[in-house]
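**Student:** Using our numbering, read the sequence shown as starting at 367 and increasing by one per residue. Here a beta-carbon is modelled for each residue, glycine too, at the ideal position from N, C-alpha and C. Dumping the structure here so I can ask a few things about it.
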Amino acid sequence: MPDPSTSIRTRTTLALLTVAALLGVPGPEVRAADDWSTAPGPLEGPPRIIGKHGAACLIGAEQLPLEGIGYQTADLARRRHFGHPVLIDYIEDLGRRVANAEFGPMLVGDMAQPRGGPMSYGHVSHQSGLDVDIWFRLDLPPLDRSEREGLEQPILVDPMTGQLDRARWTEDHAKLIQLAADDPRVARIFVDAAVKEDLCSREWEDRSWLRHIRPWPAHDEHLHVRLRCPENSPECVDQPEPPPGEGCQGLVPTPRTERESLPIRTLPQACRAVLSR
Numbered sequence: 367m368p369d370p371s372t373s374i375r376t377r378t379t380l381a382l383l384t385v386a387a388l389l390g391v392p393g394p395e396v397r398a399a400d401d402w403s404t405a406p407g408p409l410e411g412p413p414r415i416i417g418k419h420g421a422a423c424l425i426g427a428e429q430l431p432l433e434g435i436g437y438q439t440a441d442l443a444r445r446r447h448f449g450h451p452v453l454i455d456y457i458e459d460l461g462r463r464v465a466n467a468e469f470g471p472m473l474v475g476d477m478a479q480p481r482g483g484p485m486s487y488g489h490v491s492h493q494s495g496l497d498v499d500i501w502f503r504l505d506l507p508p509l510d511r512s513e514r515e516g517l518e519q520p521i522l523v524d525p526m527t528g529q530l531d532r533a534r535w536t537e538d539h540a541k542l543i544q545l546a547a548d549d550p551r552v553a554r555i556f557v558d559a560a561v562k563e564d565l566c567s568r569e570w571e572d573r574s575w576l577r578h579i580r581p582w583p584a585h586d587e588h589l590h591v592r593l594r595c596p597e598n599s600p601e602c603v604d605q606p607e608p609p610p611g612e613g614c615q616g617l618v619p620t621p622r623t624e625r626e627s628l629p630i631r632t633l634p635q636a637c638r639a640v641l642s643r
């Protein structure tokens, strides 16, 4: 039988979210990103995404098991392995496909914080619980949790020429991206333009998934998967669909730029109660 106190807390939380949105009280539009990173844990309640990928919060997040079939998590101390249940299912499904392909285990990097929201460093997105970074590093055996802190991420694209480093890029990297993209839950996967160019040059039996591979700077040591909004999250805002076609024309090298500071965008008013509870 469900705990009555949990049900009461859930109803109270949802009521507060509604009141905050209706009143339009200027809240912690941002409330410093540090406030979101120190949230004590997920907010209980039915899974609910409020906002868009770069300005959102999350109720009912789940933590990805820190290791599983075909994957292990990296940088556990960052507390960024939370997500909407659909993201947890996606990663575990992908891990099984990677294991069946007999390479890996794959390293799972940043997902979202316990309640979503802006991060104090590293990302503008990853706020809705639908984003995950999968490292290109596939050469490691299963490691203890302490050994997965601060691992090196080799860059697979020459920063001077913008071309793939063929000494590091392998068939397994291309296959990993294909496995990650060939899933109806996927909206986009961000990689460096040189990576996309290589994928386009290959003879795939089915090329429809290439449309969802989008070139983006500073994605030369990982792929960034973004899922579509789940059907049961009406307040979740999807991006427009990528343009028709494979997106293989006009690819140009993208410079690797480091952001010294990240803008914190205005969050939906309803996120005020998500952080304060």
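To the nearest whole angstrom, what separates the beta carbons of G449 and L432, a pair I think is in contact under 8 Å?
**Tutor:** Here residue 449 refers to the residue found at position 83 when the sequence shown is read from its first residue. Here residue 432 refers to the residue found at position 66 when the sequence shown is read from its first residue. The Cβ separation is near 13 Å, so there is no contact.
**Student:** Find the nearest neighbour of R631 within the set E563, G420, I457, judged by alpha-carbon distance.
**Tutor:** Counting from 1 along the sequence shown, the entry for residue 631 is found at position 265. Per the Cα distances, G420.
**Student:** With R465 and G436 assumed to form a contact (beta carbons below 8 Å), what rounded beta-carbon distance in angstroms separates them?
**Tutor:** Looking up residue 465 in the sequence shown gives position 99. Looking up residue 436 in the sequence shown gives position 70. As written in the sequence, residue 465 is Ala, which differs from the Arg given in the question. That belief holds up - the Cβ atoms of A465 and G436 are roughly 4 Å apart, short of 8 Å.
**Student:** Taking C-beta to C-beta, are R643 and P608 nearer than 9 Å?
**Tutor:** Here residue 643 corresponds to residue number 277 of the sequence shown, with the count starting at 1. Here residue 608 corresponds to residue number 242 of the sequence shown, with the count starting at 1. R643 places its beta carbon 9 Å or farther from that of P608.
**Student:** Along the chain, where does the beta strand (DSSP E) containing C423 start, and where does it finish?
**Tutor:** In the sequence shown, counting from the first residue as 1, residue 423 sits at position 57. From DSSP, the beta strand (DSSP E) with C423 extends over 421 to 425.
**Student:** Taking the runs of the alpha helix (DSSP H) that are 4 residues or longer, which of them lie wholly in the segment 433 to 495?
**Tutor:** 451 to 466
**Student:** Just checking my contact of G417 with V552 at CB under 8 Å: how many whole Å lie between their CB atoms?
**Tutor:** On the sequence shown, position 51 is the one that residue 417 refers to. On the sequence shown, position 186 is the one that residue 552 refers to. The Cβ separation is near 20 Å, so there is no contact.
**Student:** Between P408 and the rest of its own chain, which residues show a CB-CB distance below 6 Å, the 5 nearest in sequence each way excluded?
**Tutor:** Here residue 408 is taken as the residue at index 42 of the sequence shown, counted from 1. Taken in chain order, the residues that qualify are A427, P480.
**Student:** Would you check if the segment 538 to 550 and the segment 573 to 593 touch, i.e. whether three or more CB-CB distances between them fall below 8 Å?
**Tutor:** yes
**Student:** What residue from L506, K541, R534, L617 has the CA that sits closest to L460's CA?
**Tutor:** Within the sequence shown, the letter at position 94 stands for residue 460. The candidate whose alpha carbon is nearest that of L460 is K541.
**Student:** Is A478 closer than 9 Å to D497 when the C-beta atoms are compared?
**Tutor:** Counted from its first residue, the sequence shown places residue 497 at position 131. Counted from its first residue, the sequence shown places residue 478 at position 112. With a cutoff of 9 Å on beta-carbon distance, D497 and A478 are scored as near each other.
**Student:** Examine the ligand MG and report whether any of its heavy atoms sits within less than 8 Å of the Cβ of A559.
**Tutor:** What this structure holds is no ligand at all, so the ligand MG is not there to describe.
**Student:** Using only the alpha-carbon positions, how far apart do R511 and F469 sit?
**Tutor:** Reading the sequence shown from its first residue, position 145 is the one you call residue 511. Reading the sequence shown from its first residue, position 103 is the one you call residue 469. Rounded to the nearest angstrom, the two C-alpha atoms are 20 Å apart.
**Student:** With DSSP as the reference, label V561 as helix, strand or coil.
**Tutor:** What you label residue 561 is simply residue 195 of the sequence shown in a count that begins at 1. The answer is helix: DSSP assigns V561 an H, G or I state.
**Student:** Out of E513, D558, C595, P507, state which residue places its alpha-carbon closest to the alpha-carbon of D531.
**Tutor:** To locate residue 531, count along the sequence shown from 1; it is residue 165. Considering only alpha carbons, the answer is D558.
**Student:** Alpha helix (DSSP H) containing S538: first to last residue?
**Tutor:** Working through the sequence shown from its first residue, we reach residue 538 at position 172. As written in the sequence, residue 538 is Asp, which differs from the Ser given in the question. Here the alpha helix (DSSP H) through D538 covers 537 to 547.
**Student:** Please go through the same chain and pick out, in chain order, the residues whose beta-carbon is closer than 7 Å to the beta-carbon of G434, but skip the five residues on each side of it.
**Tutor:** Counting from 1 along the sequence shown, the entry for residue 434 is found at position 68. So the list reads E458, G461, once near-sequence residues are dropped.
**Student:** Can you round the beta-carbon distance between R503 and Q519 to whole angstroms, since I take them to be within the 8 Å contact cut?
**Tutor:** Looking up residue 503 in the sequence shown gives position 137. Looking up residue 519 in the sequence shown gives position 153. Yes, they are in contact, since the Cβ atoms of R503 and Q519 sit about 6 Å apart, within 8 Å.
**Student:** Hey, how far is the Cα of A381 from the Cα of P581?
**Tutor:** If you number the sequence shown from 1, residue 381 lands on position 15. If you number the sequence shown from 1, residue 581 lands on position 215. Confidence in A381 is poor, its pLDDT being 44 and thus under 50, which makes the residue's placement too unreliable to answer from.
**Student:** If E587 and I521 are in contact, beta carbons under 8 Å, what's the gap, nearest whole angstrom?
**Tutor:** Counted from its first residue, the sequence shown places residue 587 at position 221. Counted from its first residue, the sequence shown places residue 521 at position 155. Yes, they are in contact, since the Cβ atoms of E587 and I521 sit about 5 Å apart, within 8 Å.
**Student:** Since V603 sits in a beta bridge, which residues does DSSP pair it with?
**Tutor:** By 1-based counting over the sequence shown, the position of residue 603 is 237. V603 pairs with K418.
**Student:** Comparing alpha-carbon positions, which option in L509, I555, P525 lies nearest Q605?
**Tutor:** Translated into positions along the sequence shown, residue 605 becomes position 239. Of the listed residues, the one whose Cα sits closest to Q605 is I555.
**Student:** Grab me the residues of D441's own chain with a C-beta within less than 8 Å of its C-beta, minus the 5 sequence neighbours each way, in chain order.
**Tutor:** As a working mapping, residue 441 is identified with position 75 in the sequence shown. So the list reads G475, D476, R514, E515, G516, L517, once near-sequence residues are dropped.
**Student:** Just mark A443 as buried or exposed, buried being the case when its beta carbon has 16 or more other beta carbons within 10 Å.
**Tutor:** Here residue 443 corresponds to residue number 77 of the sequence shown, with the count starting at 1. So A443 ends up on the exposed side.
**Student:** Run through DSSP, which three-state label would W501 get?
**Tutor:** Numbered from its first residue, the sequence shown carries residue 501 at position 135. The answer is strand: DSSP assigns W501 an E or B state.
**Student:** Please classify T527 as buried or exposed, where buried requires at least 16 other C-beta atoms within 10 Å of its C-beta.
**Tutor:** Here residue 527 refers to the residue found at position 161 when the sequence shown is read from its first residue. Its Cβ having fewer than 16 others within 10 Å, T527 is exposed.
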